[in-house]
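Student: Here you go, one structure.
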Amino acid sequence: MKLPKIREIIEAIKALLKGPYTSKFPKVTHTPHPNFRGKPKFDKEKCVGCLACEEVCPAGAIAHKDKTDEPAPKRTIVHYSDTCIFCGQCQAACIADHEGIRLSNEWELSFFDRKLEGQENIDKELQLCEICGLPVACKDHLRWISDKIGELTYSSPTLYLSRLKTLGIIDENIISALEDRGRSDRVKILCARCRRKTTLTTK
Ligand code: SF4
Ligand code: SF4
């Protein structure tokens, strides 16, 4: 008969004294280490809807959809926890001080309904171009840029008009009736393509 080694006997005695290493899940919930890299979660208040997280995600676990034909246009950003590899790249790239999306220590990800429990959505208000109607950026993102560049905001009609709308100084729904693709169109909230056309093209 092969006798156990001394090291194995010591380990067995230690285990007897310390108790089991595993928890009695699901009766007793496991508490992970504080640094455990679990499911990322959005913070709706801090996220500005820039999509940097979607851009860097190596697993394609973040996607977005813009709804521009609704009275209140919005961008829906979705995180799919069944595709996520919990690498933390989204948090590292987040422009909102790495707080728009953060890894949590949530580890239990088994679910019955993928659509209901396997994804997290957040909605952000979209700013549309006043000429073509395509998205310029999320309103919070324009505000974030304006906060970052301070008085330079006044060098961009898109930024300062968005700012004035935020402050309630001009009407949220005011849109110029003129469409001359010239001087009057320059003082509008525009996407980059229409800004270029109004600046470089005249009738
Ligand atoms: S943790 Fe990694 S895989 Fe998961 S959403 Fe963030 S970037 Fe994508
Ligand atoms: S602010 Fe952060 S969480 Fe929100 S879209 Fe940008 S990178 Fe993603």
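With the working numbering as the guide, the letters of the sequence shown map in order to residues 15 to 217.
Ideal Cβ placement from N, Cα and C applies to all residues, glycine included.
1. Tell me the rounded alpha-carbon separation between G132 and T45.
2. Counting Cβ pairs closer than 8 Å, one from the region 128–143 and one from the region 25–40, do we hit at least three?
3. Taking Cβ positions, are D154 and K179 nearer each other than 8 Å?
4. Work out the CA separation of T90 and S226 for me, nearest whole Å.
5. How many angstroms separate the CA atom of A75 from the CA atom of C104?
6. Measuring CB atoms only, is the region 155–162 touching the region 52–69, in the sense that at least three cross pairs come out at less than 8 Å?
7. Could you tell me the alpha carbon to alpha carbon distance between K202 and C101, rounded to whole angstroms?
8. Mapping DSSP to helix, strand and coil, what is H44?
9. Contact defined as beta carbons within less than 8 Å: I believe K58 pairs with R116. What is the distance between those atoms, to the nearest angstrom?
10. Do you know how far the Cα of F50 is from the Cα of I27?
11. Mapping the DSSP letters down to three states, classify C104 as helix, strand or coil.
Tutor: Checking against the coordinates, here is how it stands:
1. Going from the Cα of G132 to the Cα of T45 covers about 21 Å.
2. At 8 Å Cβ cutoff, the stretches do not touch.
3. Not closer than 8 Å, so no.
4. In the structure displayed, the chain extends from 15 to 217; residue 226 sits before or after that span and is not available.
5. The C-alpha of C104 is placed about 10 Å away from the C-alpha of A75.
6. Contact holds: three or more Cβ-Cβ distances are below 8 Å.
7. Taking the straight line joining both Cα atoms gives about 41 Å.
8. H44 carries a coil assignment under DSSP once its states are collapsed to helix, strand and coil.
9. That belief does not hold up - the Cβ atoms of K58 and R116 are roughly 12 Å apart, past 8 Å.
10. A direct Cα-to-Cα measurement between I27 and F50 gives close to 29 Å.
11. Residue state, collapsed to three classes: helix.
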